[in-house]
Amino acid sequence: AQTVTQSQPEMSVQEAETVTLSCTYDTSESDYYLFWYKQPPSRQMILVIRQEAYKQQNATENRFSVNFQKAAKSFSLKISDSQLGDAAMYFCAYRDLIQGAQKLVFGQGTRLTINP
Amino acid sequence: ETGVTQTPRHLVMGMTNKKSLKCEQHLGHNAMYWYKQSAKKPLELMFVYNFKEQTENNSVPSRFSPECPNSSHLFLHLHTLQPEDSALYLCASSRDGTRGPDTQYFGPGTRLTVL
Numbered sequence: 001a002q003t004v005t006q007s008q009p010e011m012s013v014q015e016a017e018t019v020t021l022s023c024t025y026d027t028s029e030s031d032y033y034l035f036w037y038k039q040p041p042s043r044q045m046i047l048v049i050r051q052e053a054y055k056q057q058n059a060t061e062n063r064f065s066v067n068f069q070k071a072a073k074s075f076s077l078k079i080s081d082s083q084l085g086d087a088a089m090y091f092c093a094y095r096d097l098i099q100g101a102q103k104l105v106f107g108q109g110t111r112l113t114i115n116p
Numbered sequence: 117e118t119g120v121t122q123t124p125r126h127l128v129m130g131m132t133n134k135k136s137l138k139c140e141q142h143l144g145h146n147a148m149y150w151y152k153q154s155a156k157k158p159l160e161l162m163f164v165y166n167f168k169e170q171t172e173n174n175s176v177p178s179r180f181s182p183e184c185p186n187s188s189h190l191f192l193h194l195h196t197l198q199p200e201d202s203a204l205y206l207c208a209s210s211r212d213g214t215r216g217p218d219t220q221y222f223g224p225g226t227r228l229t230v231l
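As they're listed, the protein sequences go chains A and B. Following the numbering used here, the numbering of the first sequence begins with 1 at its first residue and continues without gaps. Following the numbering used here, the numbering of the second sequence begins with 117 at its first residue and continues without gaps.
So this is what it looks like as structure tokens:
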């Protein structure tokens, strides 16, 4: 079974600085999707960024980028120029590419605090 | 953030009560999901519906009973719950759960407390 591990329960960063959140996963599949979701204190989970495993180029979305290391099964999220609004729980998630597979497997989450 | 709505937002119930959680999506999606989010545990997928048909039941106890009358609405009927069922219950929807990256959009959740 696929598993997703986020080894940092909590992280903090100074406003305007850069922070990297770690995520590792375990799978025997070669094609799959990876996601980072953000859950602010208001609780509504929103997608931050996603990566297709068959694409070698790392995904970027404005200040958010990933470092996808397929061989190491690592998928870290880098947040540049951190803002107070980035404070939230961040969840890494995995999904098989198998047609019909709908299961998202989530990590335990990392609580990110932004210090002004 | 109004694409997926959930009611009620908070619910307190006794172990002998029967209650229902409601989820509605306004995104024209065909797949809907129930997740359980407990403190210090990863989100747990409970049920998946695709085009109103249940396609996943992640070994959920029968005291949780889902219902999907159409692609826009999803219910979770609760009866004889246990205190350990207290959690945040999240609903999500996606365009088509069977293919592609298919981003899931989440509702704000129902905070359930079982006394």
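For glycine and all other residues, C-beta sits at the position ideal for the given N, C-alpha and C.
Can you tell me whether residue i sits near the ligand MN, meaning its C-beta is under 7 Å from at least one heavy atom of the ligand?
| i | result |
| --- | --- |
| F163 of chain B | Annotation note on the ligand MN: not contained in the displayed structure, which lists no ligands. |
Are the CB atoms of residue i and residue j nearer to each other than 8 Å?
| i | j | result |
| --- | --- | --- |
| S210 of chain B | V120 of chain B | no |
| T219 of chain B | R111 of chain A | no |
| L21 of chain A | Q39 of chain A | no |
| E172 of chain B | K103 of chain A | yes |
| R179 of chain B | L159 of chain B | no |
| L127 of chain B | L231 of chain B | no |
| Y32 of chain A | D96 of chain A | yes |
| L143 of chain B | M45 of chain A | no |
| L84 of chain A | W36 of chain A | no |
| K138 of chain B | Q122 of chain B | yes |
| F91 of chain A | L34 of chain A | no |
In the DSSP assignment, find the unbroken beta strand (DSSP E) run with residue i in it and report its ends.
| i | result |
| --- | --- |
| Q14 of chain A | 10 to 14 |
| F91 of chain A | 88 to 96 |
| H195 of chain B | 189 to 195 |
| M131 of chain B | M131 of chain B -> no beta strand (DSSP E), and no H or E assigned at all. |
| A208 of chain B | 203 to 210 |
| K78 of chain A | 74 to 79 |
| D26 of chain A | 24 to 26 |
| Y54 of chain A | Careful: Y54 of chain A lies outside any beta strand (DSSP E) and carries neither H nor E. |
| K152 of chain B | 147 to 153 |
| V176 of chain B | Neither: V176 of chain B is in no beta strand (DSSP E) and is coded neither H nor E. |
| M45 of chain A | Note, M45 of chain A: premise wrong, no beta strand (DSSP E); not H, not E. |
Answer with buried or exposed for residue i, where buried requires no fewer than 16 other C-beta atoms within 10 angstroms of its C-beta.
| i | result |
| --- | --- |
| P224 of chain B | buried |
| P177 of chain B | exposed |
| G109 of chain A | buried |
| G107 of chain A | buried |
| V66 of chain A | buried |
| P185 of chain B | exposed |
| Q141 of chain B | buried |
| P124 of chain B | exposed |
| T18 of chain A | exposed |
| T226 of chain B | buried |
| P116 of chain A | exposed |
| D86 of chain A | buried |
| A155 of chain B | exposed |
Enumerate in chain order the residues of its own chain whose CB-to-CB distance from residue i is below 6 Å, with the five nearest sequence positions on each side excluded.
| i | result |
| --- | --- |
| E10 of chain A | R111 |
| F167 of chain B | N146 |
| T89 of chain A | Reading the sequence as shown, one finds Met at residue 89 of chain A and not Thr. Answer for M89 of chain A: Q39, G109, R111, listed in chain order. |
| Y54 of chain A | D31 |
| D201 of chain B | V230 |
| K134 of chain B | H195 |
| Y149 of chain B | V164, A208 |
Query raised in the report: Which residues, taken in chain order from the segment 151 to 163 of chain B, show a beta carbon closer than 9 Å to some beta carbon of chain A?
Result: Y151, Q153, K156, K157, P158, L159, E160, L161
Query raised in the report: When Cβ atoms are compared, which residues of the segment 42 to 71 of chain A fall closer than 8 Å to chain B?
Result: S42, R43, Q44, M45, I46, L47, R50, E52
Query raised in the report: Which of the residues in the segment 103 to 114 of chain A, read from start to end, lie with their CB under 9 Å from any CB of chain B?
Result: K103, L104, V105, F106, G107, Q108, G109
Query raised in the report: If contact means a Cβ-Cβ distance below 9 Å, which residues of the segment 71 to 91 of chain A contact chain B?
Result: F91
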